[in-house]
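The block underneath contains the structure these notes are about, expressed in structure tokens.
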Amino acid sequence: MSMIRDLRAAVRPSRRRDHAPYPYEKSAPACANSAIVDCGVYREGRRVSDHVTPAAAMASVRSEGGFAWIGLHEPTEAEFAGIAQEFGLHPLAVEDAVHAHQRPKLERYDETLFTVFKTVHYVEHTELTATSEVVETGEVMCFTGRDFIVTVRHGGQGSLRALRHRLQDDPELLAKGPSAVLHAIADQVVDGYMAVAGAVQDDIDEVEIDVFSSGTNGKGTGAKGSPKGGDAGRIYQLKREVLEFKRAVSPLLRPMQLLSERPMRLVDSDIQKYFRDVADHLARVNEQVLSFDDLLNSILQANLAQAAVAQNEDMRKITAWAAIFAVPTMIAGIYGMNFDYMPELHWKFGYPAVLLATVAICFGIHRGFKRNGWL
54 MSMIRDLRAA VRPSRRRDHA PYPYEKSAPA CANSAIVDCG VYREGRRVSD
104 HVTPAAAMAS VRSEGGFAWI GLHEPTEAEF AGIAQEFGLH PLAVEDAVHA
154 HQRPKLERYD ETLFTVFKTV HYVEHTELTA TSEVVETGEV MCFTGRDFIV
204 TVRHGGQGSL RALRHRLQDD PELLAKGPSA VLHAIADQVV DGYMAVAGAV
254 QDDIDEVEID VFSSGTNGKG TGAKGSPKGG DAGRIYQLKR EVLEFKRAVS
304 PLLRPMQLLS ERPMRLVDSD IQKYFRDVAD HLARVNEQVL SFDDLLNSIL
354 QANLAQAAVA QNEDMRKITA WAAIFAVPTM IAGIYGMNFD YMPELHWKFG
404 YPAVLLATVA ICFGIHRGFK RNGWL
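For the sequence shown, the numbering used here gives the first residue as 54, with consecutive numbering after it.
Rendered as structure tokens:
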């Protein structure tokens, strides 16, 4: 248990202090490849040198041991071609890494593991609307070999710089090799899922409160008196965002299961045990996301049911008033007919008597409808 705590403390953000910039970060932009964020060699858990090219890093690894970690951000085919050749990466995996928009997956090409992670970021907003963007996705792809790991990031979120710093503060963990880096990335991605799930839960709770409060006590109405929760567009938008979240989480279950259960030569046996912890957290997030979809379906059905009930109430009111106005209309229609012999036509009190009778009948009908809840 203490080993698990040490491992998770290493790969998760520390609240005790901020990391100062490392000296070697200044040399990263000097890389010949503009897409390279950082490249370095790690030996016995410590960063031993910085190199301007991945080729120089690999030459050092092959001659003196250790492993190389190359980080890239949205490389083009031309920028990635030299790295792919240097590390012997499979063309199919290279194509996926360059063009992105892949499902989370784990594939093995010869002596290289290719892993795709979908990063998810919660988009802050003051009020949820029918056009609000709730989650923003990116991708992190990892080529893991015996003595190297190449990470390719797409999107503005999911930076690995802070993660690199935390790993370098734990040489014992980093000494486990490229698989330790792969685990740290997986753990950070899944931790991001958990944070986003909590924020999305708050949005769903807000929508749920709006829907049911507007349907029970009349609160939450807009300027025109329509229920704020009655805007089904907000619920549909939230369902779309949850679906995008689900596409990032659910496909990753199988890769995490393989990494935690199936022995692999490229994954250190000690590190493989910790993938179980990541897989467990991922399973919990997946269950939560699935429950989001079911809950939103229930909220949407309740919203539509409330809209139908409101329409029925409006129709009852319209019908009740139509019935009330039918009485004077009928009486006026009768006495508007051109007959010479009509009852009370020449009676002195005929006009006020008809008015009083009309008012009395209308009042009685109105009271009956009011008693039955139609008005």
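Ideal Cβ positions, reconstructed from N, Cα and C, are used throughout, including at glycine.
Tell me Ile202's beta-bridge partners as DSSP assigns them. By 1-based counting over the sequence shown, the position of residue 202 is 149. DSSP, once it has assigned bridges, lists Trp122, Thr197 as partnering Ile202.
Nearest to Ile288 (by Cα), restricted to the options Ala413, Arg156, Phe345: Counting from 1 along the sequence shown, the entry for residue 288 is found at position 235. With distances taken between Cα atoms, Ile288 lies closest to Phe345.
Between which two residues does the beta strand (DSSP E) containing Gly426 stretch? By one-based count along the sequence shown, residue 426 stands at place 373. Taken as a continuous stretch (DSSP letters only), Gly426 belongs to no beta strand (DSSP E), as it is neither H nor E.
Taking the C-alpha atoms as reference points, what is the distance between Phe422 and Ala373? The sequence position of residue 422 within the sequence shown is 369, counting from 1. The sequence position of residue 373 within the sequence shown is 320, counting from 1. Phe422 and Ala373 have their C-alpha atoms spaced approximately 7 Å apart.
Please state if the CB of Leu357 and the CB of Leu429 are separated by a distance shorter than 8 Å. Not covered by the structure: residue 429. The range shown for the chain is 54 to 428.
Meets three-Cβ-pair contact criterion under 8 Å: the segment 121 to 135 and the segment 143 to 156: yes
Residue range of the alpha helix (DSSP H) that includes Gly93: Residue mapping note: residue 93 aligns to position 40 of the sequence shown, counting from 1. Element bounds for Gly93: not the alpha helix (DSSP H) but the beta strand (DSSP E), 89 to 96.
Excluding the 5 residues flanking His101 on each side, which residues of the same chain have their C-beta closer than 6 Å to its C-beta? Along the sequence shown, one-based indexing puts residue 101 at 48. Going by the sequence as given, residue 101 is Val instead of His. The answer, listed in chain order, is Val94.
For Gly119, I'd like the list of residues in its chain whose CB is within less than 6 Å of its CB, leaving aside the five on either flank, ordered along the chain. Within the sequence shown, residue 119 is the residue found at index 66, counting from 1. Correct list, in chain order: Val94, Tyr95, Arg96.
What is the DSSP secondary structure of Ser102, counted as helix, strand or coil? Indexing the sequence shown from 1 puts residue 102 at position 49. It is a strand residue.
What does a CB cutoff of less than 8 Å around Val380 pick up in its chain, not counting 5 residues either side in sequence? Here residue 380 refers to the residue found at position 327 of the sequence shown. Cβ within range, chain order: Thr411, Ile414, Cys415, Ile418.
Please state if the CB of Thr190 and the CB of Ser208 are separated by a distance shorter than 8 Å. Here the question's residue 208 lines up with position 155 in the sequence shown. Here the question's residue 190 lines up with position 137 in the sequence shown. One point to set straight first is that residue 208 is Gly, not Ser, in the sequence displayed. Cβ atoms of Gly208 and Thr190: closer than 8 Å.
If contacts are defined as beta-carbon pairs under 8 Å, then Val243 and His334 qualify, I think. What distance do you get, rounded to the angstrom? Residue numbering aside, residue 243 sits at position 190 when the sequence shown is read from its first letter. Residue numbering aside, residue 334 sits at position 281 when the sequence shown is read from its first letter. Right, the Cβ-Cβ distance comes to about 5 Å (below 8 Å), so this counts as a contact.
Going straight from the alpha carbon of Glu117 to that of Gly230, what length do you get? In the sequence shown, the residue the question calls residue 117 occupies position 64. In the sequence shown, the residue the question calls residue 230 occupies position 177. In a straight line, the C-alpha of Glu117 is about 14 Å away from that of Gly230.
Alpha helix (DSSP H) segment containing Phe140, residue limits: In the sequence shown, the residue the question calls residue 140 occupies position 87. Secondary structure note for Phe140: its alpha helix (DSSP H) is the uninterrupted segment 130 to 140.
If you run the structure through DSSP and keep just helix, strand and coil, what is Asn270? In the sequence shown, counting from the first residue as 1, residue 270 sits at position 217. Confidence in Asn270 is poor, its pLDDT being 47 and thus under 50, which makes the residue's placement too unreliable to answer from.
Considering only the alpha carbon of each residue, which of Lys158, His178, Tyr175 lies closest to Val169? Locating residue 169 in the sequence shown gives position 116, where the first residue counts as 1. When each option's Cα is compared against that of Val169, the closest is Lys158.
Just checking my contact of Arg199 with Glu164 at CB under 8 Å: how many whole Å lie between their CB atoms? On the sequence shown, residue 199 is found 146 positions in, with the first residue counted as 1. On the sequence shown, residue 164 is found 111 positions in, with the first residue counted as 1. Right, their Cβ atoms sit about 6 Å apart.
Output yes or no for whether 8 Å exceeds the beta carbon distance between Tyr175 and Ala248. Taking the sequence shown and counting its residues from 1, the one referred to as residue 175 is at position 122. Taking the sequence shown and counting its residues from 1, the one referred to as residue 248 is at position 195. The answer is yes: Cβ separation under 8 Å.
Just reading off the alpha helix (DSSP H) that Val147 is part of, what are its end residues? Position 94 of the sequence shown holds residue 147. Here the alpha helix (DSSP H) through Val147 covers 144 to 152.
Does DSSP put Thr172 in a helix, a strand or coil? One-based indexing of the sequence shown puts residue 172 at position 119. Thr172: strand per DSSP, three-state reduction.
Note down, one range per segment and in chain order, each alpha helix (DSSP H) of at least 4 residues found wholly within the segment 274 to 348. 285 to 302, 306 to 314
Go through its chain and collect everything with a Cβ distance to Gly426's Cβ below 7 Å, but skip five positions before and after it. For the purposes of this step, residue 426 is taken as residue 373 along the sequence shown, with counting starting at 1. Around Gly426: no qualifying Cβ.
Let me make sure I understand the geometry here. Which of Ile136, Ala121, Ile384, Ala237 has the alpha-carbon closest to that of Leu408? Along the sequence shown, one-based indexing puts residue 408 at 355. Here the closest residue by C-alpha is Ile384.
Rounded straight-line distance, which links the Cα of Gly251 to that of Cys195: Here residue 195 refers to the residue found at position 142 of the sequence shown. Here residue 251 refers to the residue found at position 198 of the sequence shown. In a straight line, the C-alpha of Cys195 is about 27 Å away from that of Gly251.
Collapsed DSSP secondary structure at Val249 in the structure displayed: Taking the first residue of the sequence shown as position 1, residue 249 is located at position 196. Correct three-state label for Val249: helix.
Cβ neighbours of Asp88 in the same chain (closer than 8 Å, five flanking residues each side left out): Position 35 of the sequence shown, counted from the start, is the residue given in the question as residue 88. The residue you asked about is not Asp; residue 88 is Ala in the sequence shown. The answer, listed in chain order, is Leu125, His126, Glu127, Pro128, Thr129, Glu132, Phe133.
Does the Cβ-Cβ distance between Val338 and Val295 come in under 8 Å? Translated into the one-based positions of the sequence shown, residue 338 becomes position 285. Translated into the one-based positions of the sequence shown, residue 295 becomes position 242. No, the Cβ-Cβ distance between Val338 and Val295 is not below 8 Å.
Counted within 10 angstroms of its Cβ, other Cβ atoms place Asp222 as buried (16 or more) or exposed: Mapped onto the sequence shown, residue 222 falls at position 169. Asp222 should be labelled exposed.
Could you tell me which of Ala215, Ala237, Thr172 sits nearest to Ile202, measuring between CA atoms? On the sequence shown, position 149 is the one that residue 202 refers to. Looking at the Cα atoms, Ala237 is the closest of the given residues.
Excluding the 5 residues preceding and the 5 following Ala332 in the sequence, name in chain order all residues of the same chain whose CB lies nearer than 8 Å to its CB. As a working mapping, residue 332 is identified with position 279 in the sequence shown. Excluding residues within five positions, the ones whose Cβ falls inside 8 Å are Leu306, Met309, Gln310, Leu312, Ser313.
Between which two residues does the beta strand (DSSP E) carrying Leu159 extend? By 1-based counting over the sequence shown, the position of residue 159 is 106. Leu159: member of the beta strand (DSSP E) spanning 158 to 162, first to last residue.
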